[in-house]
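Residue numbers (UniProt numbering): 1 to 185.
Note that beta-carbon positions come from the ideal geometry of N, C-alpha and C, so glycine has one too.
Just below is one structure, and these are the notes that go with it.
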Amino acid sequence: MSEKYKAIDPELPYFVTFSIIEWMPLFRSSVYADIIVNSIRYCMDNKGLELFAYCIMPTHLHMIIRAVGRGPGPVMRDLKKFTSSEMIRVLKYDTVNSNLIEAFKKAASDVRRNKYLKVWQDGYHPEMIYSNKFFFQKLNYIHLNPVKAGIVELPEDYYYSSARNYAELSAPLEIIIQSIELETI
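Structure, rendered in structure tokens:
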């Protein structure tokens, strides 16, 4: 992992991103997006994950998270590992997206670890949220992602985004509305 992307302070929130191999649009299907939602919810309930913002795009997801006392690394590792196996399990019966299995096999053959299928690109690119200004910069980036991609006209129209929470609309995940004061480092 490059020096730029290291989670060094477990008490601070982080902006994280992870992407499907070859930017495959797996999350166009709500079945796969819901696997992510349920896994995030599990991590919130059982692994101390705090969620401040998220957006599940067709090919990747962004979040602002905190895992107090342990940092984001172990939680992100577990989240990616579980969602990978769960998505593969569902893909085996999915005739519409069956072509993705071959792409995931090829991606696995390109790495040293002895894996049959690889769903996620390596890493989760943690960027420490060191100030309120940086928090809101990343929050806006996350919420505008589906607008800039031409998927919706307004951020809150995208179902798999915390923009809905901030607009006080129903959303698939509960978040912590920015209630923490961050000290500038």
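Host alpha helix (DSSP H) of residue i (start-end)
{"i": "Arg28", "result": "It is not in any alpha helix (DSSP H) - Arg28 carries neither H nor E in the DSSP assignment."}
{"i": "Ile142", "result": "132–148"}
{"i": "Ser84", "result": "72–91"}
{"i": "Ala163", "result": "163–166"}
Expected contact under 8 angstroms - CB spacing of residue i and residue j to nearest Å
{"i": "Ile65", "j": "Val119", "result": "In fact, because the Cβ distance is near 20 angstroms, the residues do not count as touching under 8 angstroms."}
{"i": "Val75", "j": "Leu49", "result": "5 angstroms"}
For residue i, the residue or residues it bridges with in DSSP
{"i": "Tyr53", "result": "With the sequence shown as reference, residue 53 is identified as Ala, and Tyr is not the correct amino acid for it. Answer is Ile64."}
{"i": "Met44", "result": "The partner list for Met44 (beta bridge, DSSP) is empty, contrary to what the question assumes."}
{"i": "Glu127", "result": "Phe15"}
First through last residue of the beta strand (DSSP E) which encompasses residue i
{"i": "Tyr14", "result": "14–19"}
### Message
Taking 8 angstroms as the cut-off, does the region 77–85 touch the region 39–54 (at least 3 CB pairs, one atom from each stretch)?
### Response
Yes: the two stretches touch, three or more of their Cβ pairs being nearer than 8 angstroms.
### Message
Does the region 51–60 come into contact with the region 126–144, if we say contact requires no fewer than three beta-carbon pairs (one atom in each stretch) closer than 8 angstroms?
### Response
A contact exists between the region 51–60 and the region 126–144.
### Message
Tell me whether the region 96–103 and the region 12–30 touch, counting them as touching only if at least three CB pairs, one residue from each stretch, are closer than 8 angstroms.
### Response
Yes: at least three Cβ pairs fall under 8 angstroms.
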